[in-house]
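Reviewing the structure listed below.
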Amino acid sequence: MSLSTGNSSKIRRIVRMRQMLFQWRNKARVTATRTPSDVPAGYIAVCVGPTMSRFIIRATYLNHPIFVKLLNEVEEEYGFCNHGPLTIPCDQDYFRELLRVMAQPKCFNTIEDFHKSCHVNRESWPLLREELIY
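Here the sequence shown is numbered in the numbering used here, starting from 1031 and rising by one per residue.
As structure tokens, then:
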């Protein structure tokens, strides 16, 4: 009788461990796909510059011609193989100026036009490609 009690106890422990493992996997999957709680709907978080400063920007900016050009050049130079937040390797001041211009109702449609009127020093422009540095 004690042999069958011992086996059923082991089976119960195994079943319980499998249930716990299943719950942990589900929690990990939900946590991995969930956006951070400080990012409101319609916005995304991006990391900018060598210090990886975090910016929360409107998701609609991703479709803006200037931002599309910037992302294309980031992809050409660095690729999009990373797992994690979108990373843009440019100076934070340059990125703030870019956001300021994109927030205006009438703004530039090309990154080249933006560079011509940019108020940020040329040294702080993104170091993506040589032709971007005027």
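No residue lacks a Cβ here, since even glycine has one placed at the ideal position from N, Cα and C. None of these values were measured; they are calculated from a predicted model.
Residue i bridges to which residues according to DSSP?
i, result
"isoleucine 1074", "Ile1087"
"isoleucine 1118", "Val1078"
With C-beta atoms as the reference, is residue i less than 7 Å away from residue j?
i, j, result
"isoleucine 1118", "valine 1069", "no"
Going by CA-CA distance only, name the one from the options that's closest to residue i.
i, options, result
"glutamate 1127", "Ser1039, Phe1085 and Arg1046", "Phe1085"
"cysteine 1120", "Arg1048, Thr1081 and Gly1036", "Thr1081"
"tyrosine 1124", "Glu1107, Leu1100, Pro1115 and Tyr1108", "Leu1100"
"valine 1104", "Leu1116, His1094 and Asn1093", "Leu1116"
List the whole-angstrom C-beta distance separating residue i from residue j, where the pair is believed to meet the contact cut-off of C-beta under 8 Å.
i, j, result
"glycine 1079", "glutamine 1122", "5 Å"
"leucine 1129", "isoleucine 1087", "6 Å"
"isoleucine 1096", "methionine 1132", "6 Å"
In terms of residues, what are the limits of the alpha helix (DSSP H) holding residue i?
i, result
"leucine 1129", "1122-1133"
"leucine 1101", "1095-1108"
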